[in-house]
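For the record, the sequence lines run as chains A and B.
Everything in the first sequence is counted per the working numbering, starting at 207 for the first residue and increasing by one.
Everything in the second sequence is counted per the working numbering, starting at 207 for the first residue and increasing by one.
2 protein chains.
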Amino acid sequence: MAVTIKDVARLAGVSPSSVCRALADPARVRPETRESVERAARELGYHPNRVARSLITGRTANLGVVLPDLANPFFPSVVKSIQTQARRFDYAVFLSDTDEDPAVEVPAIRALAKQVDGFLLCSPRAPDEDLRSFAGEKPIVVLNRRITPFPSVTADSTGGMQQAVAHLHALGHRHLAYVAGPRTSWSNRDRQRGLRAATAARGMNLVEIGHVAPTVDGGAAAADLVLATPATAVLAYNDLIALGLIQRLQARGAEIPGQVSVVGFDDIPVAGLVGPPLTTVAIGKEQIGRVGVDLLLELMADAPARSAGPGRRAAARMPAAPARSVGLGRGAGPLPADAPGRRTASRDSTGTARRVLPTQLIVRGSTGPARQK
Amino acid sequence: MAVTIKDVARLAGVSPSSVCRALADPARVRPETRESVERAARELGYHPNRVARSLITGRTANLGVVLPDLANPFFPSVVKSIQTQARRFDYAVFLSDTDEDPAVEVPAIRALAKQVDGFLLCSPRAPDEDLRSFAGEKPIVVLNRRITPFPSVTADSTGGMQQAVAHLHALGHRHLAYVAGPRTSWSNRDRQRGLRAATAARGMNLVEIGHVAPTVDGGAAAADLVLATPATAVLAYNDLIALGLIQRLQARGAEIPGQVSVVGFDDIPVAGLVGPPLTTVAIGKEQIGRVGVDLLLELMADAPARSAGPGRRAAARMPAAPARSVGLGRGAGPLPADAPGRRTASRDSTGTARRVLPTQLIVRGSTGPARQK
DNA sequence: TTGAAAGCGTTACCAA
DNA sequence: TTGGTAACGCTTTCAA
């Protein structure tokens, strides 16, 4: 049997209430009491049961992270930054990989709902209305997608696509192809939209190639379709697809970037290591996670721990989630100051936070001058 | 306020006890009762609070996964397979990334301990004795390391190194270098040991290069040291280091595999995509996670939910974790049959399970004939 | 077959 | 400053 607060109380010769106080708020007990409690706790190896605690406080100190596919290197980066920031505020992280199956998302959220204080949904694939059904229930921040009424953190796809198109245009490319990712992906639509605008603005030709899985295999499957178009450069929904394109294009004997230029999106960690190194649009993957956690913390501080209407007894007395400033001001670890102007913040008409992170084209070896035709 | 069992009871016109029974074990209530309860639950959107439940049953239906670095592509693969298998048995997964800091591990485990039924420690870096302190407390399965008294799942490093060395020997290499990973890594020691044995058996020369971080940067940092040795081929602790080696070796003008052959370990997903494609020793990453979960489930079925000595009242009545056979026999999803002989199982003298998974050399482009000297 | 009541480990409130 | 008591939501035992 695990050691409980009662064991400590008995050994320390005080009541459980005092043990609780001594441990939670040492200032509210006599120094001697505090000391004897601390000694007893140490001696017994007592660690409070967070589960029991959460039952009464309504706070679990857990965060839920739901994402489509951990095998896509983009997501581990995001999860890692979420973890780091969550740990700073003493939150543990539940992880749920839905395997790109939109139907799994809602049950996954449901299963975790009672055990977490809030959710970070990374690139969720489920329909808006399904996700919206959780609106009143739990604080939710959405990453890489915008769904009213949730706060969101997204990347500036438009800006990224503009940079990519400007780059290709300068290299002489006039005919582009885009290999689209999952139909259910908001960011695919966002990127596609940005690309259309950018090409249209320059009067360039754009061929769009069907929806493929956001994987290397998906890219490989699209490569031959690309070769059948007049495109001299191809932009992929993400780096994995770009990598698959390169693979298969090379296998078909196409030189890259000699014959075809390839541009990815995300700048996953291996992008610079492949042959040729991938030109891609970088997103601040660490920022996404960090900013996401910060927004969620804010949201949870607003929303009472026990989700109830304002004015409820519980709502009134619950200690809210630690205010964001607590940790940011002079918390445990020093926080790197943000480079000024590095991120854009805004709120929509209802006051919902929408953070749009900047993107940056990284030019590497997979793009070059358009071939003579 | 979330809907509780009382709300359902009120609407259904029965007691909370009956609601509990109706939902948990429909056979033990009158059909009419069952129906009215089910209707009420549906109408109210009732979902039992697993946290409250766990307080009394002692089961959380959560698993804790602790690993050193999600940024190493090896781990997402493992986590993904853990997730998949855990979901099959209706377990949720806590993830804790320790950032390669051995000191963070114990607190991380401690923090999760009360919220999980068991742990999967992936390549833990903490000292044996620290980890052993959890021995009686929670079921723990260790991945990529062996620590008495925990069951473990490891890869056959010796076999892998033998294959790699045989390959290099056949290509004419006689002088090898090894770039070692973290000092705290058990698998580094295991691989190093295997390599020493393999080279010694063939009378080959082996130079070992200090401990570096198991990252691309770590590999890059070791590259110049490698060039300063007579080695014509270098084996890296893992693929990330191998990738860094290749990067920097190429930057120094060394042709790969012309001048230097490079061999990695793990076969991370991108290994085949880099230039040149990486020759490496593959481990069944999906198997590691799956087998790990299976072992843990077994362990939890043995250990009572409320960790107490046998004979305790709680221990006697607690529903144990679902027996492994439940899901494996004809559970929710069909399970792919294991290829016969694909894995090795054994138990040490104390009956602790030790699974050693086979390794397989994957020959790609980063190895070739030894250069003339 | 059902309901009442106890209790899981903790925190919050009130009275002392 | 401290202790007793109630309560969180659920499951389980016991009695009806």
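Glycine residues also receive a C-beta, built at the ideal position from the N, C-alpha and C atoms.
Check for me: the beta strand (DSSP E) holding residue i runs from which residue to which?
i       : result
E343(B) : Taken as a continuous stretch (DSSP letters only), E343(B) belongs to no beta strand (DSSP E), as it is neither H nor E.
T565(A) : T565 to I568
A386(B) : H381 to A386
I415(B) : N411 to H417
D472(B) : S467 to D472
V271(B) : N268 to L273
Verify the CB distance criterion: does residue i have a CB-CB separation below 8 Å to chain B?
i       : result
A386(A) : no
L449(A) : yes
S363(A) : no
Q321(A) : yes
S467(A) : no
A509(A) : no
A419(A) : no
R216(A) : no
R248(A) : no
Q493(A) : no
Our contact map puts residue i next to residue j with C-beta atoms below 8 Å; I'd like the distance itself, whole angstroms only.
i       : j       : result
E311(B) : A332(B) : 4 Å
L455(B) : V422(B) : Going by Cβ atoms, the distance from L455(B) to V422(B) rounds to 13 Å, so no, they are not a contact pair.
Q493(A) : L563(A) : 5 Å
S329(B) : S283(B) : Contact doesn't hold; Cβ gap of about 13 Å is too wide.
A386(A) : E414(A) : 6 Å
L479(B) : V347(B) : At roughly 32 Å, the Cβ-Cβ gap does not stay under 8 Å, so L479(B) and V347(B) are not in contact.
A429(B) : L451(B) : 5 Å
F580(B) : R397(B) : The structure shown has nothing for residue 580(B), since chain B only spans 207 to 579.
For chain A, is any of its Cβ atoms less than 8 Å away from the one on residue i?
i       : result
R331(B) : no
A298(B) : yes
G481(B) : yes
S229(B) : Note that residue 229(B) corresponds to Leu in the displayed sequence, not to Ser. It does not; no Cβ of chain A falls within 8 Å.
S572(B) : no
P282(B) : yes
S393(B) : no
D303(B) : yes
P575(B) : no
K286(B) : yes
V499(B) : no
Q291(B) : no
S223(B) : no
T210(B) : no
R549(B) : Confidence is the limiting factor: at R549(B) the pLDDT is only 47, short of 50, which leaves the residue's position unreliable and the question unanswerable from this model.
V476(B) : yes
R256(B) : yes
A317(B) : yes
Starting from residue i and walking both ways along the alpha helix (DSSP H), at which residues does that stretch end?
i       : result
A576(A) : First-last for A576(A): undefined, no H or E at that position.
L484(B) : Unbroken run through L484(B): none, as it is neither H nor E.
T263(A) : R256 to T263
D445(A) : D445 to A457
L217(B) : I211 to A218
G400(B) : W392 to A407
A442(B) : Not the alpha helix (DSSP H): A442(B) falls in the beta strand (DSSP E), residues A439 to A442.
G557(B) : Premise fails: G557(B) is in no alpha helix (DSSP H) and is neither H nor E.
A372(A) : S363 to A376
P237(B) : P237 to L250
L479(B) : Here L479(B) belongs to no alpha helix (DSSP H), and DSSP marks it neither H nor E.
I494(B) : K491 to D508
G424(A) : V422 to L433
L276(A) : First-last for L276(A): undefined, no H or E at that position.
Excluding the five sequence neighbours on either side, which residues of its own chain have a C-beta within less than 6 Å of the C-beta of residue i, listed in chain order?
i       : result
P483(A) : R570 and G571
S393(A) : N350
Y252(B) : V209 and V214
A477(A) : D445, L484 and T486
S552(A) : R560
Excluding the 5 residues flanking residue i on each side, which residues of the same chain have their C-beta closer than 8 Å to its C-beta?
i       : result
L267(A) : Checking the sequence shown, residue 267(A) turns out to be Ala, not Leu. Counting only Cβ-Cβ distances below 8 Å, and skipping sequence neighbours, we find R256, S260, D296, Y297, A298 and D323.
P475(B) : P279 and S283
R389(B) : H417
For residue i, which residues of its own chain have a beta-carbon under 7 Å away from its beta-carbon, when the five flanking residues on both sides are left out?
i       : result
A218(A) : V225, S242, V243 and A246
R577(B) : T438, G464 and Q465
A370(B) : L441, V469, V487 and L567
P575(B) : L377 and G378
Those runs of the alpha helix (DSSP H) which lie wholly inside the segment 286-361 of chain B and span at least 4 residues:
308-319 and 334-338
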